[in-house]
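S.K.:
Residue numbers (the numbering used here): 1166 to 1408.
(1) Need the endpoints of the beta strand (DSSP E) that residue 1229 sits in, please.
(2) Could you name the residues that DSSP lists as bridge partners for residue 1304?
(3) Along the chain, where does the beta strand (DSSP E) that runs through residue 1176 open and close?
(4) So, with DSSP's three-state summary, where would you put residue 1259?
(5) Please classify residue 1368: is it buried, with 16 or more other beta-carbons within 10 angstroms of its beta-carbon, or exposed?
(6) How far does the beta strand (DSSP E) with residue 1284 in it extend, from its first residue to its last?
(7) DSSP three-state call for residue 1233: helix, strand or coil?
(8) On a CA-only basis, which of 1170, 1242, 1230, 1313 is nearest residue 1262? Give me that one, please.
(9) For the candidate residues 1252, 1357, 1264, whose alpha-carbon lies nearest to that of residue 1275?
(10) Determine which residues share a DSSP beta bridge with residue 1411 and list them.
(11) Applying the 10 Å Cβ sphere with the 16-neighbour rule, what's the burial state of residue 1311?
(12) Output yes or no for whether 7 Å exceeds the beta carbon distance between residue 1365 and residue 1384.
(13) With residue 1240 as the anchor, note down where its beta strand (DSSP E) starts and where it stops.
(14) Name, in chain order, the residues that DSSP records as bridge partners for residue 1202.
(15) Taking just the CA atoms, how far does residue 1199 sit from residue 1392?
(16) Go through its chain and collect everything with a Cβ distance to residue 1207's Cβ below 6 Å, but skip five positions before and after it.
(17) Between which two residues does the beta strand (DSSP E) containing residue 1210 stretch?
(18) What residues in its chain sit with their C-beta under 8 Å from that of residue 1425, if we drop five residues either side in the sequence?
(19) What's the call for residue 1170, buried or exposed, on a 16-neighbour Cβ count within 10 Å?
(20) Tell me the rounded alpha-carbon separation between residue 1258 and residue 1295.
(21) To the nearest angstrom, report how far apart residue 1345 and residue 1172 are at their CA atoms.
(22) Report, in whole angstroms, the separation of the C-beta atoms of residue 1224 and residue 1233, which I expect to be a contact under 8 Å.
(23) For residue 1341, tell me which candidate among 1315, 1283, 1357 has the shortest Cα-Cα distance.
(24) Look at the alpha carbon of residue 1349 and the alpha carbon of residue 1196, and state the distance between them as a whole number of angstroms.
Shown next, in the form of C-alpha cells:
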C-alpha cells in the first residue's frame, strides 16, 4: 500500500495492513523478496482484460503479472486469498505454473468440506482435504490458531511439523501445502518490512508526490535486496571447493 489519506478515486482501505488506507499496489516477488513486476490499482477495471474477465480483478491481475514468465518451466507461485480461486489455479496450471494459496470459503467451487464449527471442535492440527477427480487441484481446511482454507495444484499435500504443546514437543501430521506456504509467503513480506524501516517521509496532500516518493523507496530497497542476493552468489562462487 502507498500510505495516503487524502482524496483520490483509487484509494482503498484494506484491513489488517500496517498502512490500511492508501493506493494499492500488486507486486510479484521472488522467494527472496525481490520484486519483478507490479500493477498499480487504478480502479475496479485494473488489469482486467477481456480474456480473463471471468477470473475477476484478483485473478486477472495475477495473469497480467505472470504473462512475461516462461511457460512450461515448472514455476511455483504462492498467493493469498485476495487472488486465489480454483479457476485461476487451473488456468495457471495450463501454462505450466503450479500455484498454492489461501482461499476464501466462498470460492471452493462447490467442494464440500467440514464446516468451521466442526473444525473448531477438533484438536489443533486437524484437517479435512478433498482432491478433484482428475487430481488437478486439492482443497484443504485446517484447524490451527483458526480455521484456514488452502488450495494447491501441486501433487504433495501432506507433511510433518513439530509443535510445542503442553510443555512438550508433539509430532503431528500437517498438510504439506500449509508448511510450504508459510515458508515462502513470509519472504514476500521482506520488501514491505525493509520499506517500512527506510521509507521516505513526505508531508503532502498531493497523491502524485506520495506515490513518487513511495516508488523511490521501493526502487532503493529492491536494489538492496538484489545486491544481497548477488553478493551471496559471489561469496558462494569464491568459496566453492573443488576436488
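Note that beta-carbon positions come from the ideal geometry of N, C-alpha and C, so glycine has one too.
All values derive from a computational prediction rather than experimental measurement.
M.R.: The structure says:
(1) For residue 1229, there is no enclosing beta strand (DSSP E); the enclosing alpha helix (DSSP H) has its first and last residue at 1221-1230.
(2) According to the DSSP secondary-structure assignment, residue 1304 is paired through a beta bridge with 1295, 1316.
(3) First-last of the beta strand (DSSP E) with residue 1176: 1176-1178.
(4) Helix at residue 1259.
(5) So residue 1368 ends up on the exposed side.
(6) Per DSSP, residue 1284 lies in no beta strand (DSSP E); the unbroken alpha helix (DSSP H) holding it starts and ends at 1281-1285.
(7) Reduced to three states, the DSSP call for residue 1233 is coil.
(8) Among 1170, 1242, 1230, 1313, the Cα nearest to that of residue 1262 belongs to 1242.
(9) Taking each of 1252, 1357, 1264 in turn and checking the Cα distance to residue 1275, the smallest one comes out for 1252.
(10) Since the first residue shown for the chain is 1166 and the last is 1408, residue 1411 is missing from the structure and cannot be characterised.
(11) Under this definition residue 1311 is an exposed residue.
(12) Taking 7 Å as the Cβ cut-off, residue 1365 and residue 1384 do not qualify as a contacting pair.
(13) First-last of the beta strand (DSSP E) with residue 1240: 1240-1244.
(14) The partner list for residue 1202 (beta bridge, DSSP) reads 1193.
(15) Distance between the alpha carbons of residue 1392 and residue 1199: 10 Å.
(16) Cβ neighbours of residue 1207 beyond the five flanking positions: 1175.
(17) Looking at the DSSP string, residue 1210 is not in any beta strand (DSSP E), and its letter there is neither H nor E.
(18) Beyond the ends of the chain as shown, which are 1166 and 1408, falls residue 1425; an answer cannot be given.
(19) It counts as exposed.
(20) The alpha-carbon separation between residue 1258 and residue 1295 amounts to approximately 18 Å.
(21) Near 40 Å, if we compare the C-alpha coordinates of residue 1172 and residue 1345.
(22) With a Cβ gap of about 17 Å, residue 1224 and residue 1233 do not count as contacting.
(23) Answer by Cα proximity: 1315.
(24) In this structure, the alpha-carbon of residue 1349 lies about 6 Å from that of residue 1196.
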